[in-house]
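> Using the working numbering, read the sequence shown as starting at 2 and increasing by one per residue. First, the structure itself, so that you have it in front of you.
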Amino acid sequence: MSNLLEEAKELQNLLIEHRRYIHENAEIDMDLPITTKYVMDKLTEMGYEPKEICKSGIVAIAGGKKPGKTFLLRADMDALPIVEETDEPFKSKTNYMHACGHDLHTAMLLGAAKLLKKHENEIEGKVKLMFQPAEEPIKGAQAMLKAGVLENPKVDAAMMIHVATGTPFPSGLLVVRHAGIISSASDWFTIRVKGKGGHSSSPNLTIDPLNVISHIFIALESINARELAPADNAAITVGQIHGGNTSNVIPDTAFLSGTIRTFNNETRTFIKRRLEEIATSVAKTFRAEAIVEYSCCCPSLINDANIVENFKDYTSSLVGDDRVIDADKAENGTYATMTGSEDFGYVTELIPSIMVGLTTGSTTDGYIYPHHHPKTQFDESPLYIGSATYANMAMKWLENAK
Ligand SMILES: [Zn+2]
Ligand SMILES: [Zn+2]
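Right, here's the structure in full:
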């Protein structure tokens, strides 16, 4: 076990090969045929019996020779609808781009799979590998949960790694945040207002949805300003308002949409309820009708206190104390802004889990573009560290959780 990092280092060229193939063939959302085939083939070559439990959602199991619990390791595999603007020799051949680094996650978990297979007889329980689609549109984790990713065998704890480029940190550090909620829950809403259209010269014969939606927009501001406690953080943002096509017509309908970001469930439920009450009652006041729809909801990501301590302990002995850093104690909070929303939150709601960051490119080394930018680049040199960290955490946790 102590040589796991050295063993992973020997896989580095293979990890780069995996990463570049997936990068070149970037695919998005729930439909990742090339990536899925690649991962299934590689796992099968290693001696696994991978299963596609839902569209582009792959599960494989290592261990089981010794009794014990089950630890889940997760990698997401989807890219973004962005046309790549880098000069990398392995630039995407599709119209999509791995601008969030999920290609690195997939490569690292394939590396961990190889290490775990090699040490299969030592695993005290089982390690479940979860390769998921559609993290970006916040659909993949839910689809895999629905397909039973946490059952057969039942998962006891879980970990994911997200790479981080464009930060002030040098490459190859494992960044851990505190126990508890580490990212906001996000809920997307649309408010559709139905009025009654007509000629602009006869407003009395119409119900103007633009007037109604303006009042709704202003009224929503009161939730944050007057109904939440000053210490209760939340961001309610309207990102678009649409209605009408020309100057002399009062339209029939209008809509606005936006996002709610919250850090605890009570506030989240309260805001969603108040938003609905305000929209429908303001519309009623002006003789119109409002319908509120929610989509693309994602809960907060919660780090489990014990798993955080376990991770620091096990990973420090793998890579050294100085390579495991506490993001909350770091001098600036750059890493904190990375955790906007992450659909692994659905897993963390159900089982004790941890999200870990792996730095893959610092601004001082020229990695100046942030995630989701068409020119963003990632330093591949820490790939093997990611693989070793995944495998080590799972094996050590199982060993100590008997
Ligand atoms: Zn992303
Ligand atoms: Zn991401």
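Don't be surprised by glycine CBs; every beta carbon is placed ideally from N, CA and C. Since the structure is predicted, the reported quantities are computational estimates derived from the model, not experimental observations.
Mapping DSSP to helix, strand and coil, what is residue 395?
Residue state, collapsed to three classes: helix.
> Quick one: any contact between the stretch 294–307 and the stretch 172–188, if contact means 3 or more CB pairs under 8 Å?
Verdict: yes, contact present.
> Could you tell me whether the Cβ atoms of residue 17 and residue 381 are closer together than 7 Å?
Yes, the Cβ-Cβ distance between residue 17 and residue 381 is below 7 Å.
> Would residue 156 and residue 352 be called neighbours here (beta carbons separated by less than 7 Å)?
In contact: residue 156 and residue 352 (Cβ atoms closer than 7 Å).
> Hey, could you find the ends of the alpha helix (DSSP H) residue 34 is sitting in?
First-last of the alpha helix (DSSP H) with residue 34: 34–46.
> For residue 97, count neighbouring C-beta atoms within 10 Å of its own C-beta (all shown protein chains included) and say buried if the count is 16 or more, exposed if not.
With 16 or more Cβ atoms within 10 Å of its Cβ, residue 97 is classed as buried.
> Is the distance from the Cβ of residue 398 to the Cβ of residue 311 below 7 Å?
Yes.
> Output needed for residue 91: all residues of its chain with C-beta closer than 6 Å, excluding positions within five of it in sequence on either side, in chain order.
Closer than 6 Å at the Cβ level, and outside the excluded window around residue 91, lie 21, 24 and 25.
> Between the stretch 74–85 and the stretch 98–112, do at least 3 Cβ pairs fall closer than 8 Å?
Touching, yes, given that three or more Cβ pairs across the two stretches are closer than 8 Å.
> How big is the Cα-Cα spacing for residue 347 and residue 199?
Whole-angstrom Cα-Cα distance: 46 Å.
> I need the straight-line Cα distance from residue 139 to residue 207, nearest angstrom please.
Cα to Cα, the separation comes out at about 40 Å.
> What residues come near ligand 1, if near means a beta carbon less than 6 Å from any of its heavy atoms?
Every residue passing the under-6 Å Cβ criterion appears here: 101, 137, 372 and 373.
> Tell me which residues share the same chain as residue 374 and place their Cβ nearer than 7 Å to its Cβ, disregarding the 5 neighbours each side in the sequence.
Excluding positions up to five away in sequence, the list reads 100.
> Use the C-beta contact count for residue 57: other C-beta atoms within 10 angstroms, 16 or more gives buried, fewer gives exposed.
Result: buried.
> How many Å lie between residue 15 and residue 69 at the Cα?
Cα to Cα, residue 15 sits roughly 31 Å from residue 69.
> Residue 68 by DSSP, collapsed to three states: which one?
In the structure shown, residue 68 sits in a strand (DSSP, three-state: E or B).
> Going by DSSP in three states, residue 75 sits in which element: helix, strand or coil?
The answer is strand: DSSP assigns residue 75 an E or B state.
> For residue 362 versus residue 166, is the C-beta distance shorter than 7 Å?
Their beta carbons are under 7 Å apart, which means residue 362 touches residue 166 by this criterion.
> Residue range of the alpha helix (DSSP H) that residue 110 falls in?
It spans 103–119 - the alpha helix (DSSP H) in which residue 110 sits, taken as one unbroken run.
> Could you check how far apart the C-beta atoms of residue 160 and residue 357 are, in whole angstroms? I think they sit under 8 Å.
Going by Cβ atoms, the distance from residue 160 to residue 357 rounds to 7 Å, so yes, they are a contact pair.
> Taking the alpha carbon of residue 238 as the point to measure from, which residue in 293, 221 and 247 has its own alpha carbon closest?
Per the Cα distances, 221.
> What residues match up with residue 276 in a beta bridge as DSSP calls it?
Residue 276 is not bridged to any residue.
> Looking at the secondary structure, which residues open and close the alpha helix (DSSP H) in which residue 141 lies?
Counting along the chain, the alpha helix (DSSP H) containing residue 141 begins and ends at 141–147.
> Does the beta-carbon of residue 342 have 16 or more other beta-carbons within 10 angstroms, so that it is buried, or is it exposed?
By the neighbour-count rule (16 or more Cβ atoms within 10 Å), residue 342 is buried.
> Looking at residue 291 and residue 263, is the spacing between their C-beta atoms short of 7 Å?
No, these two residues do not count as a Cβ contact at 7 Å.
> Where does residue 267 fall in DSSP's three states?
Residue 267 falls in the helix class under three-state DSSP.
> Quick one: what does DSSP say residue 349 is sitting in, helix, strand or coil?
Correct three-state label for residue 349: helix.
> Helix, strand or coil: which one does DSSP assign to residue 368?
Looking at residue 368 - three-state DSSP - the assignment turns out to be coil, as it is neither helix nor strand.
> Here's a check: name, in chain order, each residue in its chain whose Cβ is nearer than 7 Å to the Cβ of residue 209, leaving out the five neighbours to either side.
Around residue 209: 196 and 251.
> Quick check on DSSP: helix, strand or coil for residue 322?
Residue 322 falls in the helix class under three-state DSSP.
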